[in-house]
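Per UniProt numbering, the sequence shown starts with residue 1, numbered consecutively.
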Amino acid sequence: MAPRYKDGDAVVAINGKWISWTHTAVAYTAFFSALVVGMSLHFHKIVQNEHYGYPDEWFPSVSATIGDRYPERSFFQVFIAITSGPRFALVFLWYLLTARPNSALPKLVAGVGLFRTFTCGGWTYVTSTDDHDWHDIFMISYLVATLPWTLGCLALSPNNRQAVKYRKIFAGLFFGTLVPLIYYFIQHKVHKVPGAYTKYAFFEWSLILFDVGFDAVTALDFEAFEIVVRDVKGVSRGQLKTTADSVLEKEKGKPVGNTFGEGFFWTEVIDAAAEVYNGFIFWTLCTALPVLVWYFPLWHMGISGYEAAIVSYLSPILLAIPALKSAVVKNPRLFHLLSLSGLLAYKIQDPANRLFLTSFSVVCSCMTWAATLYAERGNNARLESRVFAWGTGLIMSSVAKFACTTNNPVWPIMHAENGGWNKIGLLLAILAVLRSYRRPATSGGDYLPSSGKKGSWLPAGMGIGALVFAMHYLLSDSSTMIAWVWEGYPVRGPIAAPHGALTIFAMGAGLVYGLFYPAAAGSWTAYGIGSLGAAFLTCYSHWTGFYGALVLAFYLLAVAPVLISSAVRHSPAATFGLGFFVYMILVLFHVWVVAYAFVPGGYLVREHTDWIMITTMLCIGAGVFSAAVSNSHNSRSKIVSPNGKRQRSYFIYVLAALQLLSISIAYLRFPTNDYTPYHKEDKVATMGIWTVHFGLDNDMWASERRMRDVIQELELDVIGLLESDNQRIIMGNRDITQFLADDLGMYADFGPGPNKHTWGSALLSKFPIVNSTHHLLPSPVGELAPAIHATLDIYGELVDVVVFHSGQEEDPEDRRLQSEYLSNLMGSSDRPMVLLSYLVTKPLEGNYNTYVSETSGMKDIDPTDWDRWCEYILFKKLKRTGYARVSRDSITDTEIQVGKFVIGEPEPESELRIPEEMVPKGRQFPALFRGHGVRGHRYHVFDEPRYWQ
Numbered sequence: 001m002a003p004r005y006k007d008g009d010a011v012v013a014i015n016g017k018w019i020s021w022t023h024t025a026v027a028y029t030a031f032f033s034a035l036v037v038g039m040s041l042h043f044h045k046i047v048q049n050e051h052y053g054y055p056d057e058w059f060p061s062v063s064a065t066i067g068d069r070y071p072e073r074s075f076f077q078v079f080i081a082i083t084s085g086p087r088f089a090l091v092f093l094w095y096l097l098t099a100r101p102n103s104a105l106p107k108l109v110a111g112v113g114l115f116r117t118f119t120c121g122g123w124t125y126v127t128s129t130d131d132h133d134w135h136d137i138f139m140i141s142y143l144v145a146t147l148p149w150t151l152g153c154l155a156l157s158p159n160n161r162q163a164v165k166y167r168k169i170f171a172g173l174f175f176g177t178l179v180p181l182i183y184y185f186i187q188h189k190v191h192k193v194p195g196a197y198t199k200y201a202f203f204e205w206s207l208i209l210f211d212v213g214f215d216a217v218t219a220l221d222f223e224a225f226e227i228v229v230r231d232v233k234g235v236s237r238g239q240l241k242t243t244a245d246s247v248l249e250k251e252k253g254k255p256v257g258n259t260f261g262e263g264f265f266w267t268e269v270i271d272a273a274a275e276v277y278n279g280f281i282f283w284t285l286c287t288a289l290p291v292l293v294w295y296f297p298l299w300h301m302g303i304s305g306y307e308a309a310i311v312s313y314l315s316p317i318l319l320a321i322p323a324l325k326s327a328v329v330k331n332p333r334l335f336h337l338l339s340l341s342g343l344l345a346y347k348i349q350d351p352a353n354r355l356f357l358t359s360f361s362v363v364c365s366c367m368t369w370a371a372t373l374y375a376e377r378g379n380n381a382r383l384e385s386r387v388f389a390w391g392t393g394l395i396m397s398s399v400a401k402f403a404c405t406t407n408n409p410v411w412p413i414m415h416a417e418n419g420g421w422n423k424i425g426l427l428l429a430i431l432a433v434l435r436s437y438r439r440p441a442t443s444g445g446d447y448l449p450s451s452g453k454k455g456s457w458l459p460a461g462m463g464i465g466a467l468v469f470a471m472h473y474l475l476s477d478s479s480t481m482i483a484w485v486w487e488g489y490p491v492r493g494p495i496a497a498p499h500g501a502l503t504i505f506a507m508g509a510g511l512v513y514g515l516f517y518p519a520a521a522g523s524w525t526a527y528g529i530g531s532l533g534a535a536f537l538t539c540y541s542h543w544t545g546f547y548g549a550l551v552l553a554f555y556l557l558a559v560a561p562v563l564i565s566s567a568v569r570h571s572p573a574a575t576f577g578l579g580f581f582v583y584m585i586l587v588l589f590h591v592w593v594v595a596y597a598f599v600p601g602g603y604l605v606r607e608h609t610d611w612i613m614i615t616t617m618l619c620i621g622a623g624v625f626s627a628a629v630s631n632s633h634n635s636r637s638k639i640v641s642p643n644g645k646r647q648r649s650y651f652i653y654v655l656a657a658l659q660l661l662s663i664s665i666a667y668l669r670f671p672t673n674d675y676t677p678y679h680k681e682d683k684v685a686t687m688g689i690w691t692v693h694f695g696l697d698n699d700m701w702a703s704e705r706r707m708r709d710v711i712q713e714l715e716l717d718v719i720g721l722l723e724s725d726n727q728r729i730i731m732g733n734r735d736i737t738q739f740l741a742d743d744l745g746m747y748a749d750f751g752p753g754p755n756k757h758t759w760g761s762a763l764l765s766k767f768p769i770v771n772s773t774h775h776l777l778p779s780p781v782g783e784l785a786p787a788i789h790a791t792l793d794i795y796g797e798l799v800d801v802v803v804f805h806s807g808q809e810e811d812p813e814d815r816r817l818q819s820e821y822l823s824n825l826m827g828s829s830d831r832p833m834v835l836l837s838y839l840v841t842k843p844l845e846g847n848y849n850t851y852v853s854e855t856s857g858m859k860d861i862d863p864t865d866w867d868r869w870c871e872y873i874l875f876k877k878l879k880r881t882g883y884a885r886v887s888r889d890s891i892t893d894t895e896i897q898v899g900k901f902v903i904g905e906p907e908p909e910s911e912l913r914i915p916e917e918m919v920p921k922g923r924q925f926p927a928l929f930r931g932h933g934v935r936g937h938r939y940h941v942f943d944e945p946r947y948w949q
């Protein structure tokens with residue numbers, strides 16, 4: 001046997017522990033030398049933030065210390081450069097220590113260690129002052145990579161009890177510190193609490209201590225190494241029994257212990273990713289169809305006939321035809337490829353034809369998924385992988401919408417011009433189908449004989465239908481349940497970013513729990529807890545309601561494998577056919593509660609979201625009852641094959657990647673809250689009102705980007721958006737305010753929420769929203785009238801803004817009561833006020849004289865504008881200087897009305913109108929919209945803006 005290395009004269013020998021100690025000492029020196037120098041030379045400057053300085057803030061953050069000023073930045077960069085040498089050596093020695101034959105995990109962990117080292121250099125040498133975006137990219141990449149590095153090191157730790165103990169302590173402290181860190185950052189950034197940033201800074205510095213301390217523990221392991229420099233090189237590989245090996249021996253036979261003990265193969269990771277992507281496409285098509293259907297009653301202002309397309313969901317009933325059932329079971333690849341036709345719908349310009357093609361794809365998709373799940377009923381590992389891919393596909397859909405501010409980038413309402421990724425989405429879908437279905441549909445396995453006891457197909461189908469509905473209704477977008485519990489400013493609960501990541505985490509945790517512990521997930525105890533979560537979500541606001549939302553999200557994903565494994569034991573035409581019928585009824589139910597004024601019999605369920613939630617949970621309970629019978633005699637839940645164990649691990653890797661991606665998105669989308677109005681030097685506030693028709697333009701494309709362009713070009717500091725609530729299945733569970741606020745740099749308020757049964761009102765503002773209250777105005781007969789009453793801090797003066805949408809013209813008593821309510825509301829405030837509204841009245845007639853009255857104290861921005869019916873801008877105690885009407889092109893069916901107000905100057909007594917040349921430049925409307933305007937937007941009715949002295 002050849003020697004492992006050649007002997008030679010030793011030049012020097014160093015114990016391996018000194019690599020760790022050197023790394024620790026130099027890293028700490030880098031940070032704390034910068035802290036000492038910074039506190040000594042620039043104390044007041046580095047504790048200053050965008051809101052407060054000394055004495056409210058008296059301790060600097062890490063980034064302010066190491067990146068903003070000379071010479072502390074130089075101290076940090078010099079020592080952190082010295083740290084890189086021991087750091088690379090530490091990663092290399094760790095790999096030598098943990099490497100084992102036929103194991104890819106040590107290589108993966110070493111790769112993550114190198115990646116962290118390079119990204120550390122990125123955020124060190126590209127400071128936030130140099131390039132804020134790249135600094136953040138490197139920083140979030142480093143923090144995200146910390147999770148797999150920490151977990152990997154724990155899994156590979158040699159059987160050194162002391163080292164393992166310290167690693168667990170430092171890891172627990174590191175991740176535990178993230179909770180108060182995020183809390184105080186939100187207190188500082190969103191709530192602007194004095195002193196919150198100092199507390200945040202302490203936790204940020206603690207992360208440094210724990211992060212470096214975690215790596216310092218390697219000194220206890222590296223004592224076994226001696227680094228010898230000889231005149232002939234040698235290479236060594238240790239064969240060590242690791243802590244993970246010991247744990248796997250103890251946990252043998254248990255679900256979690258079995259999962260990660262197998263080999264690691266990239267081909268199987270690709271298989272798992274392909275399966276998940278197939279699930280993502282199912283949810284993409286499933287969530288796209290109602291949005292396309294919604295377009296037609298929206299433009300017909302009532303039932304159009306195209307609503308019949310939702311019967312596409314009932315396609316599993318077709319599996320009652322034996323020949324078709326056999327064809328789908330034996331040729332799933334063909335039918336999955338047919339279902340991808342919906343991804344090509346974006347190529348079709350005509351809305352009706354786009355709907356028909358998407359309907360066909362939904363028919364194929366629902367039928368194929370039902371047949372595929374049924375076909376795998378005899379093979380536990382294959383069925384489990386399909387169910388896990390289906391659930392993870394929903395999570396992937398939610399992550400994609402989280403990244404794209406609530407639009408799925410491969411929906412048929414998306415294309416390249418409005419942010420769609422349709423081509424890449426279709427290509428990946430084709431590759432995923434070809435990859436996933438290269439094997440036969442069934443392989444025998446641990447087949448369950450038909451004589452096994454099973455529950456009734458009727459409750460099983462009801463459970464499947466309610467489950468799919470609840471997942472679509474509440475979980476297809478991470479911000480939907482947040483919108484349910486939002487009640488305005490000041491912020492007292494979660495916000496879409498970053499807290500959408502919590503919803504996604506709860507979904508992932510629930511799915512893993514249901515995979516490993518199906519008996520517990522399918523128990524009546526779990527059902528009771530899930531029902532409590534639904535009750536809290538329905539009945540409470542703010543954090544209390546959101547905690548219920550997280551419980552419900554966890555439960556729905558946890559119970560999914562249980563209900564599906566029970567349903568596949570019956571005919572797919574029966575269980576999945578009934579299931580999608582129940583789903584369809586619940587979808588109509590959830591539309592009827594808000595559209596009661598436009599549908600037959602709608603008044604019977606008016607405003608009864610609570611009935612929807614009760615019905616959904618009762619149907620899920622029926623499914624749990626059936627599953628309790630079926631799965632109690634199902635030995636598959638107790639026996640997991642080695643192949644099944646390995647498959648589980650790969651799906652969990654994919655799920656973990658999605659969770660890390662959601663955390664990164666949450667970080668990158670965190671609101672900066674440092675917005676600047678367009679004409680700050682002139683103290684001008686430009687305000688507008690626009691009825692945006694739910695963010696679908698005349699040609700059925702998502703219109704957020706077109707809306708953004710015209711709002712930006714009109715230099716609107718404040719805008720009210722009406723018909724803006726899309727957080728329902730038929731609108732795609734979207735939120736147009738998220739994209740507009742993120743891209744335009746504005747604060748956003750929306751409300752009342754989707755569980756309050758209105759068509760929605762929203763407020764976007766460049767100025768801080770100090771307080772806001774949501775109102776439901778009296779509506780005894782017709783549709784509910786929403787209003788937002790907000791107080792803005794405009795150039796240091798508090799100004800009230802009300803955004804209001806009146807009921808439809810068919811209900812005059814409703815409109816009269818609403819006008820009186822709003823008049824009293826506006827009259828109750830003695831602050832300057834602007835009303836941005838949709839009033840449904842003629843100028844100078846009827847209810848107009850209630851809105852513009854002594855009670856309200858409001859004035860019309862232009863009483864001579866006779867050509868109005870819906871939109872009005874009213875004001876009081878402000879100096880109005882300009883008014884314009886701007887055409888909407890094909891974005892919606894309503895124009896934009898815009899007013900300019902000057903803050904800090906007295907309201908003139910005269911109504912003298914002046915020509916534009918007498919108006920200072922900063923108070924003029926943009927010339928871009930004169931004449932033919934731009935992209936179909938122009939000044940119209942008057943053909944030019946109007947100005948007052």
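We put the CB at the ideal spot given by N, CA and C, even for glycine.
At the level of alpha carbons, what is the spacing between W592 and V212?
57 angstroms
Start and end of the beta strand (DSSP E) containing F804?
797-805
How about Y596 and V605: are their beta carbons less than 8 angstroms apart?
yes
Exposed or buried, what is K842 when buried is set at 16 or more other beta-carbons lying within 10 Å of its beta-carbon?
exposed
Since P86 and Y95 are thought to touch, with beta carbons under 8 angstroms apart, how far apart are those beta carbons, to the nearest angstrom?
Not confirmed; about 15 angstroms, so no contact.
Is there contact between the stretch 415-428 and the stretch 295-311, where contact requires at least three CB pairs shorter than 8 angstroms?
no
Entirely within the stretch 149-217 and at least 3 residues each: give me those beta strand (DSSP E) ranges in chain order.
none
Close beta carbons around P332, own chain, < 8 angstroms, minus the five adjacent residues each side
T368, A371, T372, A375, Y437, A441
With three or more beta-carbon pairs closer than 8 angstroms as the criterion, would you say the stretch 138-155 touches the stretch 115-122?
yes
Which residue spans inside the stretch 269-351 form an unbroken beta strand (DSSP E) run of at least 3?
none
Suppose you measure from the CA of L707 to the CA of Y650; what does that come to, to the nearest Å?
Here residue 707 turns out to be Met, not Leu, going by the sequence shown. One C-alpha to the other measures close to 42 angstroms.
Close Cβ partners of T773 (< 7 angstroms) along its chain, the five nearest in sequence each way excluded
G488, H789
Nearest-angstrom Cα distance between G378 and R386?
13 angstroms
Mapping DSSP to helix, strand and coil, what is H679?
coil
Which of helix, strand or coil does DSSP assign to R728?
coil
Would you please verify whether the beta carbon of Q897 is less than 8 angstroms from any beta carbon of chain C?
Of the protein chains in the structure, only one exists, and it is not chain C.
Where do the N-terminal and C-terminal ends of the beta strand (DSSP E) with H570 fall, by residue?
Segment: none, H570 is in no beta strand (DSSP E) and carries neither H nor E.
Grouping DSSP H, G and I as helix and E and B as strand, with all else coil, what is D862?
coil
Would you mind reading off the limits of the beta strand (DSSP E) that contains P86?
No beta strand (DSSP E) holds P86; the alpha helix (DSSP H) holding it covers 72-98.
Counting Cβ pairs closer than 8 angstroms, one from the stretch 496-515 and one from the stretch 541-553, do we hit at least three?
yes
When you compare the CB positions of G393 and V276, do they come within less than 8 angstroms of one another, or not?
yes
Could you give the DSSP three-state label for V902: helix, strand or coil?
strand
Would you be able to state if there are at least three C-beta pairs under 8 angstroms between the stretch 397-406 and the stretch 568-585?
no
Roughly how many angstroms separate the alpha carbons of A224 and I19, rounded to a whole number?
12 angstroms
Let me confirm a value: P832 is counted as buried when at least 16 other C-beta atoms fall within 10 Å, else exposed. Which label applies?
buried
Going along the chain, which residues of its own chain have a beta-carbon closer than 7 angstroms to the beta-carbon of G807, five neighbours each way excluded?
S779, G782, E783, A785, D814, R815, Q818
Using three-state DSSP, classify I413 as helix, strand or coil.
coil
Proximity of G922 and D682 at Cβ, strictly below 8 angstroms:
yes
With burial defined as no fewer than 16 other Cβ atoms inside 10 Å of the residue's Cβ, what is the status of K233: buried or exposed?
Annotation note: pLDDT 45 at K233 (below 50); position unreliable, no value reported.
Would the stretch 679-696 and the stretch 726-742 be scored as touching if the rule is three or more Cβ pairs under 8 angstroms?
yes
Of the residues R935, V934, F929, which one's Cα is nearest the Cα of P945?
F929
What residues are listed by DSSP as bridge partners for P101?
Note: P101 sits in no beta bridge, so no partner.
Top-ranked residue by Cα proximity to W205, from K45, A64, V919
A64
Based on the DSSP output, what are the partners of T616 in its beta bridges?
Answer is none; T616 lacks a bridge partner.
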